[in-house]
Amino acid sequence: MSAPLRLTPQHRWIVEASGGDLRRESELLVRWESGEPLQYVLGRWGFLGLDLAVDRRALIPRPETEILVETALAAQPHARRVLDLGTGSGAIALAVAAARPKADVWAVDSSPEALELARENDADGKVTFVHGDWYSALPEDLCGSFDLIVSNPPYVTEAEFEALDPAVREWEPRAALVSGPSGLECLEQVIAGAPTWMSDGGVLALECAPHQIDAVIGLCGAAGLVGAAAHEDLAARGRVVTAKLGA
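Just so we're aligned: 148 in numbering that gives the first Met the number 0 is position 149 of the sequence shown, and the numbers increase by one with no gaps anywhere.
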């Protein structure tokens, strides 16, 4: 008698997602085995307790970004108005809205396709999503009103992009990953504009690459933010920077 077939965790998830439909299970398995990320194959993925739709319109939510959200909320636990820049699937904004249901949460993205996905994930209309390029998308009367600005902007260099795993490079949106030659271009824009849009005592929280930590802390200081500090990811590498406006 042959031993029962042991399924990998990925195959088990595919079996569950197929709902007993063997034809669909086969189709999903072929997609996964061809190199498509499991998250896109399944069509949904978890993020801080949320069940989000995910597809090629936006980046796959990652554990590092969960740390960004948790760090941001801990640094500014009483935020009344929050801004998520480069929202993608809406994961950050929706996680903040779930954790702080009384907060007025805004989210910006330059990709209409990503915003379409984010709105699909916001069935209850908890977040105000706007299309545009960073702060220029926002109404001017919101200047100086955000107690917390959170962003996971593109921070991969053009050279680094070519060396990424094919599952990332060939499937996830390049514009959501690549910032430019230095990898700091988008971070520079987010940091430079933050003081204009933050309330006194407001907090800026950013995700970046470990090797960018010192540069990001320096950019925060140059923009007039204080108390810039690095926070580690699950691999004990610097991944998140927080800084504050005012004393």
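Glycine residues also receive a C-beta, built at the ideal position from the N, C-alpha and C atoms.
Distance between residue j and residue i (C-alpha atoms, nearest Å)
{"i": "Leu-182", "j": "Asp-103", "result": "The identity of residue 182 in the sequence shown is Gly, whereas the question assumes Leu. Going by the C-alpha atoms only, they are around 31 angstroms apart."}
{"i": "Ala-94", "j": "Val-68", "result": "7 angstroms"}
{"i": "Ala-2", "j": "Pro-8", "result": "The predicted model places Ala-2 with a pLDDT of 45, which falls under 50 and marks its position as unreliable; any figure quoted below should be read in that light. So the two alpha carbons sit approximately 18 angstroms from each other."}
{"i": "Val-129", "j": "Gly-89", "result": "11 angstroms"}
{"i": "Gly-124", "j": "Arg-118", "result": "8 angstroms"}
{"i": "Glu-157", "j": "Gly-42", "result": "28 angstroms"}
{"i": "Lys-101", "j": "Val-29", "result": "44 angstroms"}
{"i": "Ser-198", "j": "Ser-33", "result": "48 angstroms"}
{"i": "His-10", "j": "Val-149", "result": "35 angstroms"}
{"i": "Trp-105", "j": "Val-126", "result": "6 angstroms"}
CB of residue i within 7 angstroms of CB of residue j, strictly
{"i": "Val-240", "j": "Val-215", "result": "yes"}
{"i": "Gly-87", "j": "Ala-175", "result": "yes"}
{"i": "Ala-71", "j": "Ala-204", "result": "yes"}
{"i": "Val-81", "j": "Leu-147", "result": "yes"}
{"i": "Gly-201", "j": "Leu-244", "result": "yes"}
{"i": "Glu-65", "j": "Leu-47", "result": "yes"}
Integer-rounded CB distance, given that residue j should sit under 8 angstroms from residue i
{"i": "Arg-55", "j": "Trp-170", "result": "6 angstroms"}
{"i": "Ala-234", "j": "Ile-190", "result": "Not really, about 24 angstroms apart at Cβ, beyond 8 angstroms."}
{"i": "Cys-185", "j": "Pro-153", "result": "5 angstroms"}
{"i": "Ala-242", "j": "Cys-207", "result": "With 8 angstroms as the limit, Ala-242 and Cys-207 do not qualify as a contact, their Cβ atoms being about 12 angstroms apart."}
Candidates the options, of which the one nearest residue i by Cα
{"i": "Gly-217", "options": "Ser-33, Ala-106, Leu-203, Ala-227", "result": "Ala-227"}
{"i": "Pro-60", "options": "Leu-186, Gly-237, Leu-116", "result": "Leu-116"}
{"i": "Asn-151", "options": "Ile-91, Glu-26, Leu-41", "result": "Ile-91"}
{"i": "Val-107", "options": "Asp-213, Gly-131, Glu-63", "result": "Gly-131"}
{"i": "Pro-172", "options": "Gly-85, Ser-17, Cys-142", "result": "Gly-85"}
{"i": "Pro-111", "options": "Asp-20, Ala-122, Ala-136", "result": "Ala-136"}
{"i": "Ser-144", "options": "Trp-31, Trp-12, Ala-57, Arg-79", "result": "Arg-79"}
Beta-ladder partner(s) of residue i, from DSSP
{"i": "Arg-80", "result": "Asp-103"}
{"i": "Asp-108", "result": "His-130"}
{"i": "Ser-150", "result": "Leu-84, Leu-205"}
{"i": "Lys-43", "result": "Before going on, a small fix: residue 43 reads as Arg here, not Lys. Note: Arg-43 sits in a beta bridge opposite Ala-52."}
{"i": "Glu-184", "result": "Answer is none; Glu-184 lacks a bridge partner."}
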